[in-house]
Amino acid sequence: MREEGTVRIKEEEEDLERGKTPGPKIRRPPNTRPESSNFCHPRLWPCPCLLECTDGYQWDVQTEHCKDVNECETIPEACKGEMKCFNHYGGYLCLPRSASVIPAPAPDPPSQPEDSLPDEVTEPYNSCPLGYESQGGRCVDIDECQRDQHDCLPSQHCLNTQGGFICQCPDGYRKVGTECIDIDECRYRYCQHRCVNYPGSFTCQCEPGFQLAGNNRSCIDVNECDMGAPCQQRCTNTYGTFVCRCEQGYELGSDGFSCKDIDECGFSSFLCQYQCVNEPGKFSCVCPEGYQLQRTRLCQGPSKIPHVNECETGTHQCTERQSCINTNGGYRCVDNNRCKDPYIQVSNNRCVCPVSKPACRDQPLSIVHRYMSMTSNRLVPSDIFQIQTTSVHPGAHNTFRIRSGDDNSDFYIRQINNISAMLVLAQSVTGPKEYVLDLEMVSINPIMNYQSSSVLRLSIYVGPHSF
Numbered sequence: 000m001r002e003e004g005t006v007r008i009k010e011e012e013e014d015l016e017r018g019k020t021p022g023p024k025i026r027r028p029p030n031t032r033p034e035s036s037n038f039c040h041p042r043l044w045p046c047p048c049l050l051e052c053t054d055g056y057q058w059d060v061q062t063e064h065c066k067d068v069n070e071c072e073t074i075p076e077a078c079k080g081e082m083k084c085f086n087h088y089g090g091y092l093c094l095p096r097s098a099s100v101i102p103a104p105a106p107d108p109p110s111q112p113e114d115s116l117p118d119e120v121t122e123p124y125n126s127c128p129l130g131y132e133s134q135g136g137r138c139v140d141i142d143e144c145q146r147d148q149h150d151c152l153p154s155q156h157c158l159n160t161q162g163g164f165i166c167q168c169p170d171g172y173r174k175v176g177t178e179c180i181d182i183d184e185c186r187y188r189y190c191q192h193r194c195v196n197y198p199g200s201f202t203c204q205c206e207p208g209f210q211l212a213g214n215n216r217s218c219i220d221v222n223e224c225d226m227g228a229p230c231q232q233r234c235t236n237t238y239g240t241f242v243c244r245c246e247q248g249y250e251l252g253s254d255g256f257s258c259k260d261i262d263e264c265g266f267s268s269f270l271c272q273y274q275c276v277n278e279p280g281k282f283s284c285v286c287p288e289g290y291q292l293q294r295t296r297l298c299q300g301p302s303k304i305p306h307v308n309e310c311e312t313g314t315h316q317c318t319e320r321q322s323c324i325n326t327n328g329g330y331r332c333v334d335n336n337r338c339k340d341p342y343i344q345v346s347n348n349r350c351v352c353p354v355s356k357p358a359c360r361d362q363p364l365s366i367v368h369r370y371m372s373m374t375s376n377r378l379v380p381s382d383i384f385q386i387q388t389t390s391v392h393p394g395a396h397n398t399f400r401i402r403s404g405d406d407n408s409d410f411y412i413r414q415i416n417n418i419s420a421m422l423v424l425a426q427s428v429t430g431p432k433e434y435v436l437d438l439e440m441v442s443i444n445p446i447m448n449y450q451s452s453s454v455l456r457l458s459i460y461v462g463p464h465s466f
């Protein structure tokens with residue numbers, strides 16, 4: 000019997016060192032030649048000789064040599080767990096799967112049985128090899144496992160083999176000496192996330208936001224949004240978790256799940272001309288009694304003849320190359336192409352100065368045209384127009400200023416933050432009057448080591464009335 004993980008090859012190795020190879024032992028079966036001699040020799044007469052080779056070899060009738068037995072094929076599960084079976088001359092080895100074995104040259108064929116007969120044979124040789132018993136003139140294997148003639152521990156499984164038996168450990172255990180020791184499968188990183196070892200086996204566990212895949216080792220993302228995530232409005236699944244989002248007009252609460260209404264009216268008192276009313280998810284503007292709401296935010300004063308928007312009704316005198324701008328009590332015609340060299344027009348209201356032109360090096364990169372109208376005699380100081388950049392580069396520092404058009408200092412800029420500023424009316428003005436202010440935003444980026452500017456060209460039409 001061979002124990003798992005050990006190989007009985009010591010004697011064979013010693014023989015090989017002395018230049019020998021394992022040879023057969025001639026045994027005489029019972030009642031071979033009852034008359035003259037009970038000795039059996041295969042070269043002298045046909046007889047059922049029992050030729051016994053050393054352990055790990057078996058007699059090959061065709062070649063009449065002792066042939067190595069491949070225990071890795073003949074013994075089921077010769078090596079347990081993560082060990083791999085490697086056949087060896089006269090035995091086998093149980094080595095880790097990562098091990099590599101360089102095969103040695105095969106030994107010389109075993110020596111033939113001696114052709115000489117013993118001088119004297121006095122008695123028949125009737126015994127069978129170890130692990131066999133004589134039945135009807137034949138040697139039959141003894142099933143030590145069935146007869147309970149083995150030394151396997153209660154936790155081990157006895158497996159009968161030809162001429163012996165082996166003690167096998169249960170799955171998840173490996174044999175060390177005569178004991179079965181639990182294999183710590185977690186050492187081999189079978190699990191993608193977490194591994195929990197327990198006697199005889201192991202289990203894989205996943206981090207929160209993942210679930211075990213069908214192979215019971217990998218972890219796959221859980222779509223919490225499909226499983227009833229506690230988001231009040233919108234849910235977006237991400238790898239290993241999820242994110243709650245809110246509809247327009249709402250912001251995410253501190254708990255990360257609920258949405259609360261944004262009070263737009265609290266951000267600025269100039270969203271509406273008269274009064275701002277906050278509503279769930281939005282806001283609305285109202286006018287005092289006798290006034291009409293115009294364009295959702297402005298109020299139009301009472302008049303026997305309602306104000307007519309000539310630009311909408313088409314009762315203006317602007318040409319096809321001009322755009323109609325409505326004002327309090329009238330309208331203005333402005334050229335569609337408002338870009339002057341070296342600027343080129345890229346949209347109806349935007350001009351760009353190409354950096355490839357030398358004349359553009361000291362000019363703002365772009366000019367955007369905007370128009371507004373206001374009533375006469377407004378209370379001051381009065382916020383009249385908010386400027387806000389559309390894009391911000393990381394590390395950029397923005398400042399706002401009035402570049403031109405404010406000769407009498409009727410306005411000033413109040414910067415709100417890095418991306419927005421407010422144009423403030425500093426002095427009360429009476430119309431009709433027109434201003435063209437160049438509001439410049441200068442952007443300095445010390446990280447990228449550059450400075451640039453852009454201009455919002457605001458045309459302000461002051462009406463003749465205070466409403």
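Be aware that the sequence shown starts at 0, since it is given in numbering that gives the first Met the number 0, and climbs by one per residue. Ideal placement from N, C-alpha and C gives every residue a C-beta, glycine not left out. No experiment lies behind these values; they were computed from the predicted model shown.
So who's on the other strand from residue i, going by DSSP bridges?
{"i": "E178", "result": "V175"}
{"i": "L438", "result": "I401, L455"}
{"i": "K494", "result": "Residue numbering for the chain in the displayed model covers 0 to 466; residue 494 lies beyond these limits and cannot be assessed."}
{"i": "S419", "result": "Q387"}
{"i": "M226", "result": "None; M226 has no bridge partner."}
{"i": "Q450", "result": "I443"}
{"i": "C138", "result": "S133"}
{"i": "N467", "result": "No answer is possible for residue 467: the residues shown for the chain start at 0 and end at 466."}
{"i": "S217", "result": "Beta-bridge pairing links S217 to no other residue."}
{"i": "F164", "result": "N159"}
{"i": "Q293", "result": "L297"}
Applying the criterion that 16 or more other CB atoms from any shown protein chain within 10 Å of the CB defines a buried residue, is residue i buried or exposed?
{"i": "V435", "result": "exposed"}
{"i": "F282", "result": "buried"}
{"i": "Q167", "result": "buried"}
{"i": "R456", "result": "buried"}
{"i": "S372", "result": "buried"}
{"i": "F201", "result": "buried"}
{"i": "V139", "result": "exposed"}
{"i": "H87", "result": "buried"}
{"i": "K356", "result": "exposed"}
{"i": "Y273", "result": "exposed"}
{"i": "V379", "result": "exposed"}
{"i": "T314", "result": "exposed"}
{"i": "G462", "result": "buried"}
{"i": "T62", "result": "exposed"}
{"i": "H192", "result": "exposed"}
{"i": "G80", "result": "buried"}
{"i": "E319", "result": "exposed"}
CB-CB under 6 Å to residue i, same chain, minus the five flanking residues each way: which ones, in chain order?
{"i": "Y370", "result": "I324, S458"}
Return the chain-ordered list of same chain residues with a C-beta closer than 7 Å to the C-beta of residue i, the five sequence neighbours on each side being excluded.
{"i": "M421", "result": "D382, Q385, R413, I415"}
{"i": "T312", "result": "none"}
{"i": "D67", "result": "G55, Y56, Y88, G89"}
{"i": "Y238", "result": "D220"}
{"i": "V333", "result": "Q321, S322, I324"}
May I have the straight-line CA-CA distance separating residue i from residue j, to the nearest angstrom?
{"i": "T73", "j": "Q57", "result": "12 Å"}
{"i": "V60", "j": "G130", "result": "21 Å"}
{"i": "V221", "j": "P207", "result": "9 Å"}
{"i": "Y411", "j": "F399", "result": "10 Å"}
{"i": "K24", "j": "H64", "result": "Residue placement at K24 is poorly supported in this model, since its pLDDT is 44, which falls under 50; the coordinates are not used for a value here."}
{"i": "M447", "j": "M440", "result": "18 Å"}
{"i": "I401", "j": "Q210", "result": "60 Å"}
{"i": "E132", "j": "G163", "result": "12 Å"}
{"i": "T326", "j": "V276", "result": "26 Å"}
{"i": "Y172", "j": "C258", "result": "55 Å"}
{"i": "P341", "j": "P353", "result": "8 Å"}
{"i": "L92", "j": "I141", "result": "26 Å"}
{"i": "R349", "j": "Q387", "result": "15 Å"}
{"i": "S389", "j": "N407", "result": "At residue 389 the sequence reads Thr, which differs from the Ser that was named. About 30 Å."}
{"i": "T177", "j": "C185", "result": "24 Å"}
{"i": "P169", "j": "G255", "result": "51 Å"}
{"i": "V242", "j": "A228", "result": "9 Å"}
{"i": "C224", "j": "C190", "result": "26 Å"}
{"i": "S267", "j": "L424", "result": "16 Å"}
Residue i lies in the beta strand (DSSP E); which residues open and close that run?
{"i": "Y206", "result": "It should be noted that the sequence gives Glu, not Tyr, for residue 206. E206 -> no beta strand (DSSP E), and no H or E assigned at all."}
{"i": "E72", "result": "Segment 70-73 is the alpha helix (DSSP H) holding E72; no beta strand (DSSP E) there."}
{"i": "R360", "result": "Element bounds for R360: n/a, residue is neither H nor E."}
{"i": "F410", "result": "410-414"}
{"i": "Y273", "result": "Note, Y273: premise wrong, no beta strand (DSSP E); not H, not E."}
{"i": "F282", "result": "281-285"}
{"i": "K259", "result": "258-260"}
Note the first and the last residue of the continuous alpha helix (DSSP H) segment covering residue i.
{"i": "E311", "result": "309-312"}
{"i": "F266", "result": "263-266"}
Can you give me the Cβ contacts of residue i inside the same chain, cut-off strictly under 8 Å, excluding the 5 residues immediately before and after it?
{"i": "R244", "result": "C230, Q232, R233, C234, T235, L251"}
{"i": "G263", "result": "Correcting the residue identity first, residue 263 is Glu in this sequence and not Gly. Around E263: G248, L270, C275, N277, K281, F282."}
{"i": "T295", "result": "S283, C284"}
{"i": "L364", "result": "V351, C352, V354, S451, S452, S453"}
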